[in-house]
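Quick note: the sequence shown uses this note's numbering, first residue 12, plus one each step.
As structure tokens, the structure follows; a few thoughts come after it.
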Amino acid sequence: MTAINKAALLASPIAPSQIAQERRNPGALDEVLRGLTARPRRLPPKLFYDAAGSRLFDEITDTPEYYPTRTERGILAEFAGGMVRQAGKNLTLIELGAGSASKTQLLIQALLRRQLRAEFYPVDVSSSALNGALASLNGHFPRLRVSPIVADYTHKLPELSSLGGRKLVLFLGSTIGNFEPEEAEAFLKNVRRSLSSGDALLIGFDLIKDADVLHAAYNDAAGVTAQFNKNMLARINRELGGTFDLDAFQHVAFWNKRKSRIEMHLESVYEQTAWIEDLGRGFHFEQGERIHTENSYKFNMSSLERLLRRAGFKLEKSWTDPKGWFCEALARV
Ligand code: AVJ
12 MTAINKAALL ASPIAPSQIA QERRNPGALD EVLRGLTARP RRLPPKLFYD
62 AAGSRLFDEI TDTPEYYPTR TERGILAEFA GGMVRQAGKN LTLIELGAGS
112 ASKTQLLIQA LLRRQLRAEF YPVDVSSSAL NGALASLNGH FPRLRVSPIV
162 ADYTHKLPEL SSLGGRKLVL FLGSTIGNFE PEEAEAFLKN VRRSLSSGDA
212 LLIGFDLIKD ADVLHAAYND AAGVTAQFNK NMLARINREL GGTFDLDAFQ
262 HVAFWNKRKS RIEMHLESVY EQTAWIEDLG RGFHFEQGER IHTENSYKFN
312 MSSLERLLRR AGFKLEKSWT DPKGWFCEAL ARV
């Protein structure tokens with residue numbers, strides 16, 4: 012058994028220890044404490060994605076305002092064949108931040124038209140999202156072997172060197188936009204180091220566009236994004252014994268043109284103190300004080316090409332939609 016298969020078994024999404032972990036989460040304690048005592052206050056976006064948060068994100072992708080997912084799906088639907096052909100023969104797929112892997116099916120389909128069998132290693136922090144991926148893929152693709160890996164790939168990438176075939180790492184959905192520019196570069200350097208010459212990366216970038224379109228995508232009329240943002244606090248309540256009143260915080264999202272990013276914050280509606288039992292302390296908020304929960308960086312062709320080059324990749328080919336709203340880039344080690 013290869014190292015990665017062992018890891019996949021150990022990190023099995025149905026391990027009882029992980030069910031217990033959804034109630035009390037010591038791993039998150041340190042980051043929550045550091046973030047809430049920092050000025051300005053912040054919480055890391057990966058805390059969005061527990062079972063409820065992953066479900067809410069899927070709901071966001073169905074809102075009429077949130078264009079990235081359906082735009083990227085359109086690009087994949089049209090060009091998946093060309094993408095896997097460009098990547099090369101005998102591919103093994105690894106997807107970082109796979110979530111429910113719904114867009115990936117388009118690439119898998121295209122891949123299985125070119126090769127008899129394939130292996131797919133979806134990696135995600137959310138075991139419930141991976142469970143969904145596993146269930147939908149296993150029935151659909153008998154020639155695909157799926158080995159899910161529950162891991163925080165932002166801290167440590169799974170060991171890829173023992174995998175056979177030419178590796179194609181997928182990093183879809185513009186998740187790269189959640190990293191600060193220097194973190195994005197360091198992260199992609201890490202990915203590069205775990206690959207061999209000839210391996211490839213297929214990465215999705217959300218592109219800079221009209222400010223109103225960007226703003227609406229993060230302020231949907233149905234309020235799903237607001238709920239998603241507040242799930243961060245709901246999760247602290249559930250997992251760390253917090254007393255955050257979700258009605259006492261307001262969802263704030265806006266386009267920061269100078270920094271080329273959407274910012275999301277939670278703003279205290281009035282002066283208040285929230286307690287976190289597992290930290291044994293309270294946190295005082297002034298009226299209007301914000302917790303910065305997410306940045307979502309947007310790119311243009313030259314900024315994405317530069318990022319890839321600095322990380323040691325060569326942009327080989329890219330695909331976009333008719334409006335030029337989203338870009339799928341194939342980069343080679
Ligand atoms: C999954 C990081 C790409 O930044 O657009 C959606 C997350 N945040 N709505 C994004 C998100 C608010 C999303 N990414």
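All C-beta atoms, glycine included, are put in the ideal place defined by N, C-alpha and C.
Comparing alpha-carbon positions, the option among 51, 270, 294 lying closest to residue 256 turns out to be 294. Shown here, residue 217 sits in a strand according to DSSP, grouped into three states. Collapsing the DSSP output to three states places residue 211 in a strand. About 29 angstroms separates the beta carbon of residue 323 from that of residue 220, a gap too long to meet the 8 angstroms contact definition. In this structure, the CA atom of residue 151 is about 26 angstroms from the CA atom of residue 341.
Apart from sequence neighbours up to five positions away, the residues of its chain that approach residue 280 with a beta-carbon distance below 8 angstroms are 258, 259, 260, 261, 298, ordered along the chain. Within the segment 94-173, the runs of alpha helix (DSSP H) at least 4 residues long that lie entirely inside it are, in chain order, 115-123, 138-151. In this structure, the C-beta of residue 305 approaches the ligand AVJ to less than 7 angstroms from one of its heavy atoms. With respect to the 8 angstroms criterion, residue 275 and residue 264 are classified as neighbours on the basis of their beta carbons. Straight through space, the alpha carbons of residue 212 and residue 278 are spaced by roughly 37 angstroms. In terms of side-chain proximity, the C-beta atom of residue 173 is found no nearer than 7 angstroms to any non-hydrogen atom of the ligand AVJ. Residue 94 has its Cβ no nearer than 7 angstroms to any heavy atom of the ligand AVJ. In the three-state reduction of the DSSP assignment, residue 325 falls in the strand class, which pools E and B. Taking 8 angstroms as the cut-off, the beta carbon of residue 209 is found no closer than this to the beta carbon of residue 108. The C-beta distance from residue 304 to residue 240 rounds to 6 angstroms, short enough to fall under 8 angstroms. In the three-state reduction of the DSSP assignment, residue 238 falls in the helix class, which pools H, G and I. Counting the other CB atoms within 10 Å of its CB gives residue 146 a total below 16, which places it among the exposed residues. A residue is called buried when at least 16 other Cβ atoms come within 10 angstroms of its Cβ; residue 153 does not meet this threshold and is exposed. Sixteen is the threshold: since fewer than 16 other Cβ atoms of the shown chains lie within 10 Å of the Cβ of residue 224, the residue is exposed. For a cut-off of 8 angstroms, the C-beta gap from residue 171 to residue 178 is around 6 angstroms, short enough to register as a contact. Where residue 280 is concerned, there is no enclosing alpha helix (DSSP H), because DSSP gives it neither an H nor an E. With a cut-off of 7 angstroms, the C-beta of residue 150 is classified as distant from the ligand AVJ, since no heavy atom of the ligand falls inside that distance.
Under the DSSP assignment, residue 200 falls in the alpha helix (DSSP H) whose first and last residues are 192-204. With respect to residue 181, residue 247 sits apart: the two C-beta atoms are not nearer than 8 angstroms.
Looking at the DSSP output, residue 330 bridges to 339.
Residue environment: residue 159 is assigned as buried (16 or more neighbouring CB atoms within 10 Å of its CB, all protein chains considered). Ranked by Cα distance from residue 38, the first of 250, 328, 266 is 250. Relative to the ligand AVJ, residue 185 has its C-beta within less than 7 angstroms of a heavy atom. With at least 16 other beta carbons inside 10 angstroms of its own, residue 118 counts as buried. In this structure, residue 71 has its CB closer than 7 angstroms to one or more heavy atoms of the ligand AVJ.
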